[in-house]
Amino acid sequence: MASGRPVPVQMEASAGVAAAAPAVARPRASRARMMRQYDLVERVRSYNPDTDEDLLNRAYVYAMKAHGEQTRASGDPYFSHPLEVAAILTNLKLDDATIVAALLHDTIEDTEATRTEIDKLFGHEIGALVEGLTKLKRLELVSREAKQAENLRKLLLAIADDVRVLLIKLADRLHNMRTLEFVPPASRHRIAEETLDIYAPLAGRMGMHEMREELEDLAFRTLDPEAFAVVMQRLDALAERNRNLIGEIEAQLSANLGRNGITAEVTGRRKRPFSIWTKMERKSVGFEQLSDIYGFRVIVGDVACCYRALGVVHTTWPMVPGRFKDYISTPKQNDYRSLHTTVIGPGQQRVELQFRTREMNQIAEYGIAAHAFYKDGVGSPTELVNRESNAFAWLRHTIEMLSESQNPEEFLEHTKLELFHDQVFCFTPKGKLIALPRNANVIDFAYAVHTDVGNSAVGCKINGKFAPLSSELQNGDEVEVLTSPVQSAPPAAWESLARTGKARAAIRRATRAAMRDQYAGLGRRIVERLFVRAKIEYADDKLKGALPRLARSSIEDVMASVGRGEMKASDVARAMYPDYKEERIARFGGKKAPEKPGAKPAPEPGKASAVIPIGGLHSGLPVKFAPNGGAVPGDRIVGIVTPGEGITIYPIQSPDLKEFEEEPERWLDVKWDIDESTPQRFPARLFVQNVNEPGSLAQIAGVIAEHDGNIDNINMSRRSPDFTELTIDLEVYDLKHLSAIIAQLRAKDVVAHVERVNG
Ligand code: MN
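Heads up, the sequence shown is in our numbering, so the first residue is 1316 and it goes up one at a time.
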């Protein structure tokens, strides 16, 4: 803001001179005469002499024709609704584009009209506004929980990327609330609650207090008609008794302060039914005891004047004891400062007063960010500025520009909303709203819902369609996370996919815990095997007693250390049985298991190979297939443990297994853990001798491809002029699949010999 000018944005009926204004006294819309085309143009021209009348007229006619015979619940022509919405916005003195977009706001959603057509007839700017409103309208269909109101308001802000969209939306809601009585009771209730939860606070946050209060009162009247009637009755009686009280006090107060050399802006207002009611409920007091039905605000030049003005008031009228509060010497948490007092004013009516400086008023209106405005950008506020209150302050500033500016170009550059654009808001299937940083994906969403949901997530649906877990989320997406009880820990690779710290930390925790469990399980097998071989007894209790000697705090720790290769199984045996002697294996010239405690660091979780569905093992533990020929489902398999590295899976018939014959403690019983529907492929190797003739290689590759085998690699060597020997690494689903490919290869004339390596 260019000057220190305090300009709280207000709706037309500025400052509660609302004394005479009825609390909620709009005539029943359906009985009101529908505004004519000319009336609307006149309203706009009254504040904008340069208005494009032709544009307004064309929009009027277009919307009227588009809605045609449609009617509202009240029986009125539907067109009366967009027309009234436009009229509400003329009170805010908004630009032509806003008024036109208001006239057209329901056309895309409810009529044959399209964005393209509106763009063509009214231009891109208006088209974008109408489409923005269409998006917000669709959002209303999403189920929701009332508790999520704050996030829903942010979602509205995030989706509406032009402040004018929000203003039209609020006017739309206001008109719908004014005509709510014609809507069936069940939806009436829901709409009123939503108004109270979302739209009224949004209007308030945007600085449109008048609109907020009307929305609140209309909702209150719907939700609790009896209470509303009681409050209204009482207010009317008071208004009758205290006719012109507000004007009287305002005049007396200004004159008194002036005599004492204090220049003050005094504004008074009667409180609104809803705020009176909430105060009655909050303090559980009856209407009679409720003192502050009349409230006055006294704005003065400096702090000293606040106290002097207070003195003047206290010497003019008797003060009500116990009601004085000094929020200047002791500001509230949110930096709110003011003096509050209550006095017995004219007509024995209790009157609440607030005294503050302009700057204090700015802060009360705009929040902490007002410091920045007030100081004209010079010297940033020392307080931590809350991002959200900043965003709203900025928004209010923008609206202020909008309604004051005479120059459309000038305010247009202020209308692009960047609020909450660094956030994305999505729903669970039950309507819970989850706020995430922009670029977040389903993994982040799952962890935001619950760590268990994240850890067991295996897939997802976005807006009812299957999608990858790495899908980036869009505002308003409904996300269903599919979980599997079988998955106890997430794939370690997710850590780099997740965008939120919460998800990353949870993934790291879960994979670490899973790794540790895996290593502990592995270590236990190694230890148990050694004990069986050595024919000594293993018992947890006995190991427990040996923990100090192993410098470990738990059995799990010991086992995990063995599994990771940091500790030898024989160390465990020696700690439990001090006279245990390691049995040497000398059959093959003293060759023994390569045990080098701590020589190799534990592999990083991220380096674990892809999930291999092997029974008894889990994701996270490094598992790989035999380097020479792999293994495929259907093979009987065995795992060979290499401490500190992981497990290698061999087909039981693999000749390479001979190498490990002397180290039975490294052998692990494993089995496949997949069903036929698993679309995963596994490595196998074929040895093929083929006849050297043109195209023979193509024929072989063709057979494999035809049978849905994936060739990874082919090595060729020519041993004789007639034959070529091929080593083919391929990926197949299972043994049946591999056997079928082998059979088909054998059937080819160019193939002399085929055999599986390692099979
Ligand atoms: Mn509407």
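Every residue, glycine too, gets a C-beta built ideally from N, C-alpha and C. In this text, all values refer to a predicted model and were calculated from it rather than measured experimentally.
query, result
"Taking the continuous beta strand (DSSP E) assigned at Ala1782, which residues delimit it?", "Lys1780 to Ala1782"
"Using 8 Å as the Cβ pair cut-off and three pairs as the minimum, do the segment 1591 to 1602 and the segment 1635 to 1652 touch?", "no"
"Decide if the segment 1609 to 1622 is in contact with the segment 1573 to 1588; the criterion is three or more beta carbon pairs, one per stretch, under 8 Å apart.", "yes"
"So Glu1793 and Pro1744 are supposed to be a Cβ contact under 8 Å. How far apart are they, rounded?", "6 Å"
"Check the DSSP bridge columns for Gly1583 and list the partner residues they point to.", "Phe1611"
"Curious, which full-length beta strand (DSSP E) runs of at least 3 residues does the segment 1734 to 1807 contain?", "1738 to 1742, 1748 to 1752, 1772 to 1777, 1780 to 1782 and 1794 to 1798"
"Starting from Ile1513, trace the beta strand (DSSP E) in both directions and tell me its first and last residue.", "Run containing Ile1513: none; DSSP gives neither H nor E here."
"Per DSSP, Trp1632 is paired with what?", "Answer is none; Trp1632 lacks a bridge partner."
"Check whether the Cβ atoms of Ala1999 and Tyr1965 sit closer than 8 Å, and answer yes or no.", "no"
"Looking only at C-alpha atoms, which of Ile1659, His1655, Glu1680 and Ser1785 sits nearest to Gln1669?", "His1655"
"Rounded to whole angstroms, what's the CA-CA distance from Gly1601 to Ala1388? Just pull it up for me.", "37 Å"
"Cβ atoms of Ala1755 and Leu1784: under 8 Å apart, would you say?", "no"
"Hey, quick one: how far does the alpha helix (DSSP H) through Thr1593 stretch, first residue to last?", "Pro1588 to Arg1597"
"Should Asp1617 be counted as a contact of the ligand MN given a C-beta to heavy atom distance under 7 Å?", "no"
"What does Leu2012 pair with, by DSSP beta-bridge criteria?", "In DSSP, Leu2012 forms no bridge with anything."
"When we look at the beta-carbon of Arg1358 and count the other beta-carbons within 10 Å, is it buried (16 or more) or exposed?", "buried"
"List in chain order: all unbroken alpha helix (DSSP H) runs of 4+ residues lying wholly within the segment 1379 to 1422.", "1395 to 1406 and 1411 to 1419"
"Mind checking whether the beta-carbon of Asp1487 lies closer than 7 Å to any heavy atom of the ligand MN?", "yes"
"What whole-angstrom Cβ distance do Ala1507 and Leu1467 have, given they're in contact under 8 Å?", "At roughly 16 Å, the Cβ-Cβ gap does not stay under 8 Å, so Ala1507 and Leu1467 are not in contact."
"State whether the segment 1369 to 1381 contacts the segment 1399 to 1418, with contact taken as three or more CB pairs (one from each stretch) at a distance under 8 Å.", "yes"
"In this structure, does DSSP put Asp2098 in helix, strand or coil?", "The displayed coordinates of the chain run from 1316 to 2074. Any statement about residue 2098 would go beyond what the structure contains."
"In terms of DSSP beta bridges, what is Pro1948 paired with?", "Asp1950"
"Assuming Val1985 contacts Leu2053 (C-beta within less than 8 Å), just tell me the rounded distance between them.", "Not a contact, Cβ separation roughly 19 Å."
"Kindly provide the ranges of any beta strand (DSSP E) runs that are 3 or more residues long and lie completely inside the segment 1974 to 1998, ordered along the chain.", "1982 to 1984"
"Under DSSP, the alpha helix (DSSP H) around Tyr1353 begins and ends at which residues?", "Gln1352 to Tyr1362"
"Could you check the C-alpha separation between Phe1535 and Met1521 for me, to the nearest Å?", "21 Å"
"Counting C-beta neighbours from all protein chains within 10 Å, is the total for His2068 16 or more, i.e. buried, or is it exposed?", "exposed"
"What span of residues does the beta strand (DSSP E) with Met2078 cover, start to end?", "Given a span of 1316 to 2074 for the chain in the structure shown, any question on residue 2078 remains unanswerable."
"May I have a chain-ordered list of the alpha helix (DSSP H) segments no shorter than 4 residues that lie completely inside the segment 1805 to 1862?", "1809 to 1812 and 1816 to 1849"
"Mapping DSSP to helix, strand and coil, what is Asn1491?", "helix"
"Going straight from the alpha carbon of Cys2075 to that of Leu1418, what length do you get?", "No answer is possible for residue 2075: it lies beyond the span of the chain, which begins at 1316 and ends at 2074."
"Quick one: what's got a C-beta closer than 6 Å to Thr1697's C-beta in the same chain, skipping five residues either side?", "Residue placement at Thr1697 cannot be trusted, given a pLDDT of 33 that sits under 50; what the coordinates show is reported in the next sentence. None."
"Nearer than 7 Å: is that true of the beta carbon of Asp1421 relative to any heavy atom of the ligand MN?", "yes"
"Across the segment 1835 to 1846 and the segment 1870 to 1882, are there enough close Cβ pairs to call them in contact, namely three or more that are closer than 8 Å?", "yes"
"By DSSP, does Thr1429 sit in helix, in strand, or in coil?", "coil"
"Under the three-state reduction of DSSP, which class applies to Phe2146: helix, strand or coil?", "Residue 2146 is absent from the model: the chain starts at 1316 and stops at 2074."
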